[in-house]
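Its first residue numbered 1, the sequence shown is counted upward by one per residue in the UniProt record's numbering. All C-beta atoms, glycine included, are put in the ideal place defined by N, C-alpha and C. Worksheet for the structure shown next.
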Amino acid sequence: MKVLLLGCGNVGANVARQLVPRHPELECVVGDLDLAVAEQLAAELGPRVRAVAADVRDPARLDELLDGVDLVFNAVGPFYRSAVPVIEAALRARVDYLDINDDHDVAEQLFLDPSWHQRAVDAGIKLVIGCGSTPGLTNVMARLLADRLDRVREIHLATAVPFVPGLLSPAVVDHMMHITAGEVVQFVDGEYRKMPGWGGRLEVPYAAPFKAYPSFFIGHGETVTLPHFISGLEQVTNRIAFFPEAGAQIWRSLIDLGLGNPEVIEGLGISPLKFLTRHLASEAGARSVGVDLSDEPWAVASRVEVVGERDGAEVRCVLEHHLDLPTEQAEDSTADPTPTCARLAIEAWLAGGVTGQGLLAPEVCLDAEAYVRAFAGETGGRLIESETVLRRDRYA
């Protein structure tokens with residue numbers, strides 16, 4: 001079995017670090033635009049791993065790399081630039097594809113145009129989109145709760161993270177601006193609608209040690225794929241909170257100042273976004289946007305709320321995942337659960353546990369309970385579940 005892993009940044013490298021030792025039967029090829037980075041990772045992982053130069057913008061090179069491959073895993077960001085070229089190559093090569101796409105516009109392009117699914121079916125392959133933590137784990141958590149109801153009407157997702165821009169890589173800052181500035185898709189009153197990014201303020205309550213935080217619309221794939229695969233939905237929303245609220249206010253100011261603009265300024269040779277990604281990673285940037293986190297948890301929370309009916313009663317189910325952040329930066333840090341989520345999806349594929357054909361998302365092709373249990377067991381994250389049942393006719 002031969003697997004090609006594209007992208008040797010933090011996520012891609014950590015997926016490889018988890019996958020290779022667990023699966024000595026695999027032949028793994030790691031590719032990156034910077035061959036030296038790929039070679040360093042391959043040397044670390046041992047003789048079963050081969051490094052290649054990979055430019056996702058070069059169709060001929062992709063065709064060469066996918067020849068003889070059984071699965072291609074794409075961790076090259078930003079996905080609004082990289083996903084479709086690699087998917088096109090997978091279709092040409094008739095090779096299964098899996099990624100961690102977290103850009104809403106990619107999900108829109110793929111899932112709202114039925115030709116992509118048909119092309120994958122005709123090619124006899126699986127295209128599995130968005131297998132990270134969010135989207136990915138969040139989709140599966142939503143499916144887990146939805147399967148316990150007779151009818152599902154609403155799904156509301158939210159994430160709360162401490163505001164520490166200095167810990168965000170330039171690629172993450174680029175992505176965060178892409179999904180919060182401009183318009184983002186939400187599913188409202190049974191239809192996809194464009195809503196203002198960082199709009200839709202809502203106080204979202206979390207279980208302790210978190211609290212209620214003002215949260216704002218973001219553009220993620222869940223709001224596209226969940227209504228696509230779960231029938232009867234009327235609302236699907238996705239929000240994020242930076243805490244404390246001062247962090248959210250700073251982010252709003254950065255958006256309003258136009259610092260998310262990717263267009264190069266004439267005569268300057270750099271875009272506002274490129275400047276911002278470098279500035280926030282610098283000591284000066286960290287000092288200028290620092291906030292007081294002394295009264296906040298050093299952790300990240302994801303919350304999935306599903307509303308529907310069971311046995312004639314209205315039911316509101318909530319499942320939260322809390323993951324502590326490391327106190328020291330480590331190469332295999334659990335600060336980002338995305339590599340573990342992606343590796344579990346790859347392992348499901350290896351075991352024949354990715355069901356279906358064509359264009360897929362985690363909520364429709366993975367065993368929800370098994371996946372959530374495996375993730376919780378491996379990360380040590382806390383899962384907190386609650387359910388409220390409203391019986392209007394009990395005393396009628």
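Through-space distance from residue j to residue i, alpha-carbon basis
| i | j | result |
| --- | --- | --- |
| Arg278 | Gly124 | 43 Å |
| Gly199 | Glu39 | 43 Å |
| His322 | Gly267 | 46 Å |
| Leu66 | Thr388 | 49 Å |
| Tyr73 | Gln357 | In the sequence on display, residue 73 carries Phe and not Tyr. Taking the straight line from one Cα to the other gives about 17 Å. |
| Gly219 | Val37 | 30 Å |
| Glu203 | Lys211 | 10 Å |
| Gly285 | Val49 | 38 Å |
| Glu296 | Ala208 | 11 Å |
| Ala146 | Ile230 | 8 Å |
| Gly308 | Thr237 | 15 Å |
| Gly46 | Pro21 | 9 Å |
| Ala313 | Pro227 | 22 Å |
| Ala241 | Val161 | 6 Å |
| Asp332 | Val128 | Confidence at Asp332 is low in this model, with a pLDDT of 43, below 50, so the placement of that residue should be treated as unreliable; the coordinate-derived value is given next. Rounded to whole angstroms, Asp332 to Val128 spans 25 Å at the Cα level. |
| Pro244 | Glu320 | 19 Å |
| residue 442 | Gly190 | Residue numbering for the chain in the displayed model covers 1 to 396; residue 442 lies beyond these limits and cannot be assessed. |
| Tyr206 | Ala301 | 8 Å |
| Ala374 | Thr138 | 14 Å |
| Pro196 | Leu344 | 34 Å |
| Leu157 | Glu305 | 6 Å |
| Ile155 | Asp174 | 27 Å |
| Ala89 | Phe217 | 33 Å |
| Gly68 | Gly247 | 48 Å |
Contacts around residue i, its chain only, beta-carbon distance under 8 Å, and the 5 residues preceding and following it disregarded
| i | result |
| --- | --- |
| Val140 | Pro362, Glu363, Leu366, Ala368, Tyr371, Val372 |
| Ala342 | Val11, Val15, Phe73, Ala75, Leu98, Ile100, Cys131, Gly132, Gly136 |
| Trp298 | Pro162, Asp324, Leu325, Thr327 |
Secondary structure of residue i, DSSP reduced to three states
| i | result |
| --- | --- |
| residue 424 | Given that the chain is displayed from residue 1 to residue 396, the structure contains no residue 424 and the question cannot be resolved. |
| Cys8 | coil |
| Lys274 | helix |
| Val389 | strand |
| Arg201 | coil |
| Leu350 | helix |
| Pro165 | helix |
| residue 437 | The displayed coordinates of the chain run from 1 to 396. Any statement about residue 437 would go beyond what the structure contains. |
| Arg262 | According to the sequence displayed, residue 262 carries Pro and not Arg. DSSP places Pro262 in coil when its eight states are reduced to three. |
| Ser253 | helix |
| Glu296 | coil |
| Leu280 | helix |
| Leu344 | helix |
| Gly247 | helix |
Delimiting residues of the alpha helix (DSSP H) encompassing residue i
| i | result |
| --- | --- |
| Glu363 | 362 to 365 |
| Ile240 | Not the alpha helix (DSSP H): Ile240 falls in the beta strand (DSSP E), residues 235 to 243. |
| Pro170 | 170 to 180 |
| Pro227 | 222 to 229 |
| Ala313 | Here Ala313 belongs to no alpha helix (DSSP H); instead the beta strand (DSSP E) covers 313 to 324. |
| Gly285 | 283 to 288 |
| Glu191 | Here Glu191 belongs to no alpha helix (DSSP H); instead the beta strand (DSSP E) covers 191 to 196. |
| Gly377 | 368 to 379 |
Span of the beta strand (DSSP E), counted from its first residue to its last, around residue i
| i | result |
| --- | --- |
| Val161 | 151 to 162 |
| Leu112 | It is not in any beta strand (DSSP E) - Leu112 carries neither H nor E in the DSSP assignment. |
| Ala142 | Note, Ala142: premise wrong, no beta strand (DSSP E); alpha helix (DSSP H) at 137 to 146. |
| Gly308 | 299 to 310 |
| Val291 | Segment: none, Val291 is in no beta strand (DSSP E) and carries neither H nor E. |
| Leu127 | 126 to 128 |
| Gln186 | 183 to 188 |
Close beta carbons around residue i, own chain, < 6 Å, minus the five adjacent residues each side
| i | result |
| --- | --- |
| Phe79 | Asn101, Asp103, Val106 |
| Ala51 | Val30, Ala38, Glu39, Ala42 |
| Gly260 | Met177, Ala181, Leu273 |
| Pro165 | Leu280, Val289 |
| Arg382 | His322 |
| Asp96 | Leu71, Ile125, Lys126 |
| Cys317 | Leu145, Val306, Glu387 |
Other residues of its chain near residue i: CB distance less than 7 Å, five sequence neighbours each side excluded
| i | result |
| --- | --- |
| Val56 | Leu6, Leu62, Val76, Ser82, Pro85, Val86 |
Taking only runs of the beta strand (DSSP E) that begin and end inside the UniProt domain "Saccharopine dehydrogenase NADP binding" (3 to 101), which ones reach a length of at least 3 residues, in chain order? 27 to 32, 49 to 53, 71 to 74, 96 to 99
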